[in-house]
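Note sheet for the following structure.
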Amino acid sequence: MDNDDLSIIYIRFLFTYHKSAELSFYLLLLLFHFQMSRRIIICNFMFQVSYIIDEYRCGRTPNPDVLCNTRIKFGAFVDAIGGMEFDFIASGHYAKVIHPNSGGKEEPSTLVLSKDMVKDQTYFLSHLSQSQLKRLIFPLGCIPKEEVRKIAKIFELPNQDRKDSQGICFLGKIKFSEFVAKHIGEEEGVILEAETGDFLGKHRGFWFYTIGQRQGLRLPGGPWYVVEKDVNNNVIFVSRNYFSVDKKRCIFRVGSLRWFSDSPPRQIKQLQCKVRHGPGFYSCDLAIQVDENGREMAVVKLSKDDQGLAAGQFAAFYHESVCLGSGVILESWHDQGFPVCDRALEVARMKDKSKLGKPVKIKVIAESRKEEVIRKERQLTSVDSKMGSQSYYYALKWLLQLRDKFLQAF
43 MDNDDLSIIY IRFLFTYHKS AELSFYLLLL LFHFQMSRRI IICNFMFQVS
93 YIIDEYRCGR TPNPDVLCNT RIKFGAFVDA IGGMEFDFIA SGHYAKVIHP
143 NSGGKEEPST LVLSKDMVKD QTYFLSHLSQ SQLKRLIFPL GCIPKEEVRK
193 IAKIFELPNQ DRKDSQGICF LGKIKFSEFV AKHIGEEEGV ILEAETGDFL
243 GKHRGFWFYT IGQRQGLRLP GGPWYVVEKD VNNNVIFVSR NYFSVDKKRC
293 IFRVGSLRWF SDSPPRQIKQ LQCKVRHGPG FYSCDLAIQV DENGREMAVV
343 KLSKDDQGLA AGQFAAFYHE SVCLGSGVIL ESWHDQGFPV CDRALEVARM
393 KDKSKLGKPV KIKVIAESRK EEVIRKERQL TSVDSKMGSQ SYYYALKWLL
443 QLRDKFLQAF
């Protein structure tokens with residue numbers, strides 16, 4: 043088929059989240075703009091948020107942006123237009139897809155890093171299937187974001203000065219904490235110090251917190267970090283020693299694996315891995331195993347510790363510039379988790395926590411000690427120029443960052 047005969051659908055997504063309990067879904071408005079017929083078709087899709095809510099109830103931290111791409115944008119959307127005649131779907135993601143000229147032989151398409159490594163969105167696209175990938179083209183993958191803005195100004199597009207998105211795609215201006223509170227609610231629980239078991243305060247529910255979180259604890263004498271969660275007893279454990287060098291976090295398991303080649307990579311050592319959106323990579327070794335249910339899983343060993351590993355997030359694997367696929371991060375090895383003392387575990391299991399009385403008076407650490415903790419945090423979260431390694435601070439910065447909304451300059 044000649045390029046002039048290709049039928050391409052350019053798409054723009056509008057998201058509206060309904061706060062009503064009866065409308066617990068994403069309302070997805072899709073506008074299809076056909077270049078030839080100039081027709082505009084508006085379709086509504088309803089997508090349940092049960093997956094995200096269930097993950098938070100289990101104490102994990104899901105990635106809604108990966109889910110949105112896999113199940114909505116290139117899932118429900120592609121299913122809905124399956125009967126229409128088109129060759130490709132074009133969107134404004136910062137990524138590249140290489141479609142081989144197979145000459146009749148079925149060859150897989152390849153997802154490749156974009157030219158703009160900071161805005162690269164292959165991480166969010168890493169869990170697509172091969173059948174989804176082969177229908178996609180990303181025109182912006184070869185253009186840095188700043189160049190896109192310059193082009194938008196040349197053509198005087200209305201979105202030329204639009205700020206980069208900083209929230210979850212389907213929530214709009216709604217805070218994520220409001221979304222979680224609406225669907226799960228609030229349940230008061232206790233905050234315990236991991237090293238001592240001391241009762242430090244109360245929280246709104248373990249599902250509002252993720253491992254490594256610092257904000258929202260409202261405890262004096264910090265910085266304090268969430269280091270473990272007891273889901274069954276609604277208890278969170280905190281510590282001021284989260285960035286201690288002896289708390290290693292470099293080995294973890296990955297499940298729900300999906301490879302663009304439909305099989306694990308042949309070269310499973312010296313791959314690269316992303317555990318969150320951003321320009322940084324870890325070198326890693328990958329060991330494919332089978333779990334107790336006969337499903338494929340992998341054990342991943344990173345080249346460096348990562349303080350922000352969170353169960354429920356995705357780990358994407360790369361060989362040079364090619365994204366191979368991804369999987370969901372399961373719990374890290376127990377012996378590498380943050381050590382919680384026996385007293386803290388015993389207190390967490392108490393049925394009547396009113397017997398704890400009032401929270402203990404927290405000793406304020408010396409200013410020099412506080413500065414040392416913050417300095418160590420900054421050292422561990424700085425980007426290594428050679429390996430591109432990032433840690434918890436970068437995780438907070440990027441964890442809930444939106445994909446850039448689809449550009450209208452088509």
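Heads up, the numbering used here is the position in the sequence shown plus 42, with the first residue counted as 1.
Every residue gets a Cβ at the ideal spot worked out from N, C-alpha and C, and that includes glycine.
{"Check": "What three-state label does DSSP hand Leu313 in the structure shown?", "Outcome": "strand"}
{"Check": "DSSP three-state label for Tyr165, please.", "Outcome": "helix"}
{"Check": "I'd like the list of long-range same chain contacts for Asp453, defined as Cβ closer than 6 Å, with 5 residues on each side in sequence excluded.", "Outcome": "One cannot answer for residue 453 here, as it falls past the ends of the chain, which runs 43 to 452."}
{"Check": "Using the DSSP secondary-structure output, state which residues sit across from Gln361 in a beta bridge.", "Outcome": "Note that residue 361 is His in the sequence shown here, rather than Gln. BP columns for His361 point to Val364."}
{"Check": "Mind checking whether Val273 and Ile253 have CB atoms under 8 Å apart?", "Outcome": "no"}
{"Check": "Rounding to the nearest angstrom, what Cα-Cα distance links Phe323 and Gly354 in this structure?", "Outcome": "19 Å"}
{"Check": "Counting only runs of 3+ residues fully inside the stretch 245-318, write out the beta strand (DSSP E) ranges in chain order.", "Outcome": "267-272, 277-281, 293-301, 313-316"}
{"Check": "Would you kindly work out how many angstroms separate the C-alpha atoms of Ile216 and Lys224, rounded to a whole number?", "Outcome": "11 Å"}
{"Check": "Measuring straight from C-alpha to C-alpha, what distance separates Arg300 and Gly367?", "Outcome": "6 Å"}
{"Check": "Report all residues from its chain with a CB closer than 7 Å to the CB of Lys405; omit the five preceding and five following residues, and keep chain order.", "Outcome": "Gly263"}
{"Check": "Ser424 by DSSP, collapsed to three states: which one?", "Outcome": "Confidence at Ser424 is low in this model, with a pLDDT of 44, below 50, so its placement is unreliable and the value that follows should be read with caution. Of the three classes helix, strand and coil, the one that applies to Ser424 here is coil, per DSSP."}
{"Check": "Assess, as a yes-or-no matter, whether the stretch 105-119 is touched by the stretch 157-176 under the definition of 3 or more beta carbon pairs within less than 8 Å.", "Outcome": "yes"}
{"Check": "May I have the straight-line CA-CA distance separating Lys195 from Asp206, to the nearest angstrom?", "Outcome": "16 Å"}
{"Check": "Have a look at Tyr68 and Cys110 and give me their C-alpha separation to the nearest angstrom.", "Outcome": "With a pLDDT of only 31 at Tyr68, under the threshold of 50, the placement of this residue in the model should not be trusted; the figure read from the coordinates follows. If I take the Cα positions, the gap works out to 10 Å."}
{"Check": "Classify Lys115 as buried or exposed, calling it buried when 16 or more other Cβ atoms lie within 10 Å of its own Cβ.", "Outcome": "buried"}
{"Check": "If the criterion is Cβ atoms closer than 8 Å, does the pair Val382 and Ala236 meet it?", "Outcome": "yes"}
{"Check": "Got a sec, what are the start and stop residues for the alpha helix (DSSP H) Asp96 sits in?", "Outcome": "92-99"}
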